[in-house]
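Engineer:
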Amino acid sequence: MRVCCVLCWVLLCWVLLCCGRVLAVPQEFAGAGDLPTVAEASGYQATSTSEEVLIFLRACDERSEHVRMFEFGRTEQGRLMSGLVIADPPVADPGQLSSLGQGRLVVMLLGNIHSGECDGKEALLMLARELALTPDHPWLQRAVIVVVPNYNADGNDQMSVDNRPGQVGPVRGMGRRETSRGFDLNRDFVKLETAEGRALVRLIDQWNPHLFIDCHTTNGSVHRYPLTYDIPHNPAVAGGLREFLREEFIPEVTQRMRTAGIETFYYGNFARQHSRWESFGFEPRYSTEYLGIRGRIGILSESYSYADYRTRVLASREFVRQCVEASLSRADQISRLLGAIEESAVSVAGSELPLNAVLGPFEQKVTVLGRVPGTEEPRDYEVEYWGRYEATERVTVPVAYVLPEADPEVLRNLRNHGVRLMVLQRAVRVPVVVRRVVSLERSAMAFQQHHLVQLQTEDVRVERELGAGAVIVRTSQPLGRLASWLLEPESSDGLVTWNFFDERLREGGEYPVFSVTGEVDWLLEPLAGE
């Protein structure tokens, strides 16, 4: 099999050469032997097709005893969704993690969520090769590395030189941002409307990574950083995780990058005549925010679209490398922090959960490396850094949510997230909080093919007879905070937002999910299939 795989890769390179895709081979990947990436082999003029990614992953798998290739789904058009698990000793599935003992960090690396932003895909392939071909690599016995380099495989293969206007390369074209159905996968982490989104969240739920890095390329302001980064902003992120990342982890990564010769800063855009540097949203529709709500570390990587392609790929690789190095240097601290967050989930009932937030500035101004508008002249701007979200609406987390007549699509979504569902075995009369809909607003313009809904409700405390078969979502579970975010009617990015309850909602009516705020003597069993 190994000989066959090598021959396949050599044949692929020969075909690419005949097609004009392979140009002069740069010196920098001389250590790659006969396993260069498409980016390297083309002199950074091309990016890999989905089939080329699969061939590369198989080659890594075949050449290494500590690499396992896996499939975790198919795209909407039927393409394989594949990745590598890299560790020593090797593991093929999450069930084998316990055999490795305590102290292993699980790291998940994602590329090509927006396929035109292909730098991360190529960077992750380079890192995968490095790990595969280095049996004594220091990461192998300290971490389990899960690499998914080509998440949006359908979008990847819709290549065109016109897909990313303004982006500098690859000159032979790149994939497109959206899936084959026109969805943005980095807006799908709540609704899970795509086959790709469901497959990835299932993978996240199975491996439960300590660290998740999502690789992108910028669209916005002109600045002088080869790469910018960000962390979860959502004030609902539990247990001091945001503070740890901002005060300890990211400063270490930034210094590591500086030592490697790469200046970095928080992702954002200039605003108000270069007087502000503003970040992006806090909603868990975004990958990093979603991971934060799950109680894990989500890191955004944004290579700079106006830098040349080679610079972007190498900066992406170095950033991922330094994030992993920093996490391994703090492995015990990270394990304790995330473990405490997970343990605290059993007592989340009665705590305050932010449901909405507003962007505001940090107290201290910062210096951002930019350029004089319309020129290449460098200029450093002292600006307000608008990167902090403060809660504007909160709710007290109940003991449980009750879905008396659960819609199959709602149950399917909750299950896809990994939320544990129970079913009431016998009728019981209990005090509940019913939310009466005071106002219902639906966006006039479609976003991601949806007209988003926001509710205002008022609480009505009543007693209700709950019949056998009602679905119960207890919040005393590892994903209790996520369950609350999804099911609260006034959540700014929950299931109400994405139209899951549209047929049941009207002003003056009841929201079809009740809250139970006290302990109840009820007989529950896991819902069939749990």
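Numbering (the working numbering), first residue to last: 89 to 618. Built from N, CA and C at the ideal position, the CB exists for glycine as well.
1) Which whole-angstrom value describes the C-beta separation of A445 and Y473, a residue pair presumed to lie in contact below a C-beta threshold of 8 Å?
2) Judging by CA-CA distance, which residue of P466, F589, V434 and I174 is the nearest neighbour of E493?
3) Assign D242 to buried or exposed, taking buried as 16 or more other Cβ atoms, counted over all protein chains shown, within 10 Å of its Cβ.
4) Determine the direct distance from the alpha carbon of R151 to that of L593, and round the result to whole angstroms.
5) Using alpha carbons as the reference points, say which of E576, P182, R418 and D149 lies closest to V498.
6) Between which residues of its own chain and R514 is the CB-CB distance below 6 Å, once the five residues before and five after are set aside?
7) Taking the Cβ atom as the reference point for each residue, do A283 and I350 lie within a distance shorter than 8 Å?
8) Can the beta-carbon of F602 be found less than 8 Å from the beta-carbon of V520?
9) Quick one: Cα of M214 to Cα of A127, how far?
10) Could you check whether the segment 310 to 328 touches the segment 208 to 224, counting it as contact only if at least three pairs of C-beta atoms, one from each stretch, sit closer than 8 Å?
11) Select from G191, L291, G208 and H539 the residue whose C-alpha is nearest the C-alpha of D181.
12) Alpha carbon to alpha carbon, what distance is there between R312 and W586?
13) For the segment 429 to 482, list the alpha helix (DSSP H) runs that are entirely contained and at least 4 residues long, ordered along the chain.
14) Between the Cα of A558 and those of P600, P223 and E591, spot the shortest distance and give me the residue it belongs to.
15) I'd like to check one pair, S268 with E159: are the Cβ atoms closer than 8 Å?
16) Any contact of the segment 431 to 438 with the segment 406 to 421, i.e. 3+ C-beta pairs under 8 Å?
17) Give the single residue among V259, R382 and V401 whose Cα lies nearest to the Cα of L315.
18) In the DSSP assignment, find the unbroken beta strand (DSSP E) run with N625 in it and report its ends.
19) Quick one: Cα of P223 to Cα of I174, how far?
20) Which residues in the same chain have their Cβ closer than 8 Å to the Cβ of S527, if we skip the five residues on either side of it in sequence?
21) What would DSSP say about M533, mapped onto helix, strand or coil?
22) Consult DSSP for E281 and reduce its assignment to one of helix, strand or coil.
23) Could you say which of E340, V483 and E613 lies nearest to L620 if we only look at CA atoms?
24) For L111 and R384, I'd like the C-alpha separation in whole angstroms.
25) So, helix, strand or coil for I319, using DSSP?
26) Terminal residues of the continuous alpha helix (DSSP H) containing S152?
Structural biologist: Concretely, from the data shown:
1) Locating residue 445 in the sequence shown gives position 357, counting from the first residue. Locating residue 473 in the sequence shown gives position 385, counting from the first residue. At roughly 16 Å, the Cβ-Cβ gap does not stay under 8 Å, so A445 and Y473 are not in contact.
2) Working through the sequence shown from its first residue, we reach residue 493 at position 405. Per the C-alpha coordinates, the member of P466, F589, V434 and I174 positioned closest to E493 is F589.
3) Numbered from 1 along the sequence shown, position 154 holds the residue referred to as residue 242. Classification of D242: buried, given that the 10 Å Cβ count is 16 or more.
4) Along the sequence shown, read from residue 1 onward, the residue named residue 593 stands at position 505. Along the sequence shown, read from residue 1 onward, the residue named residue 151 stands at position 63. Here the alpha carbon of L593 sits roughly 56 Å from the alpha carbon of R151.
5) Locating residue 498 in the sequence shown gives position 410, where the first residue counts as 1. Answer by Cα proximity: E576.
6) Here residue 514 is taken as the residue at index 426 of the sequence shown, counted from 1. Cβ-Cβ distances below 6 Å link R514 to A556 and L611 in the same chain, with the five nearest sequence neighbours on each side left out; the list follows chain order.
7) Walking along the sequence shown from the start, residue 283 turns up at place 195. Walking along the sequence shown from the start, residue 350 turns up at place 262. In this structure, I350 does not lie closer than 8 Å to A283 by Cβ.
8) Within the sequence shown, residue 602 is the residue found at index 514, counting from 1. Within the sequence shown, residue 520 is the residue found at index 432, counting from 1. Yes.
9) Locating residue 214 in the sequence shown gives position 126, counting from the first residue. Locating residue 127 in the sequence shown gives position 39, counting from the first residue. So the two alpha carbons sit approximately 10 Å from each other.
10) Put simply, the segment 310 to 328 does not touch the segment 208 to 224. Fewer than three CB pairs are less than 8 Å apart.
11) Taking the sequence shown and counting its residues from 1, the one referred to as residue 181 is at position 93. Answer by Cα proximity: L291.
12) By one-based count along the sequence shown, residue 586 stands at place 498. By one-based count along the sequence shown, residue 312 stands at place 224. Rounded to the nearest angstrom, the two C-alpha atoms are 37 Å apart.
13) You should have found no qualifying run.
14) Along the sequence shown, one-based indexing puts residue 558 at 470. The shortest Cα separation from A558 among P600, P223 and E591 belongs to P600.
15) As a position in the sequence shown, residue 159 is number 71, starting the count at 1. As a position in the sequence shown, residue 268 is number 180, starting the count at 1. No. Outside cutoff.
16) Judged by pairs of C-beta atoms under 8 Å, the segment 431 to 438 does not touch the segment 406 to 421, as fewer than three such pairs exist.
17) As a working mapping, residue 315 is identified with position 227 in the sequence shown. L315 has its Cα closest to that of V401, out of V259, R382 and V401.
18) This structure cannot speak to residue 625, because the chain is shown only from 89 to 618.
19) Here the question's residue 223 lines up with position 135 in the sequence shown. Here the question's residue 174 lines up with position 86 in the sequence shown. Straight through space, the alpha carbons of I174 and P223 are spaced by roughly 11 Å.
20) Position 439 of the sequence shown, counted from the start, is the residue given in the question as residue 527. Contacts found: L543, Q544 and E595.
21) As a first step, residue 533 must be located in the sequence shown, where it is residue number 445. Coil, per DSSP.
22) By 1-based counting over the sequence shown, the position of residue 281 is 193. Assigned with DSSP and collapsed to three states, E281 falls in coil, not helix or strand.
23) Because the chain in this structure spans residues 89 to 618, residue 620 falls outside the shown range and cannot be described.
24) As a first step, residue 111 must be located in the sequence shown, where it is residue number 23. As a first step, residue 384 must be located in the sequence shown, where it is residue number 296. Low per-residue confidence applies at L111: pLDDT is 35, beneath 50, and the placement is therefore not dependable enough to give any value.
25) Counted from its first residue, the sequence shown places residue 319 at position 231. Annotated three-state conformation of I319 is coil, per DSSP.
26) Start at 1 with the first residue of the sequence shown, and residue 152 comes out as number 64. Boundaries cannot be given for S152, as no alpha helix (DSSP H) includes it and DSSP labels it neither H nor E.
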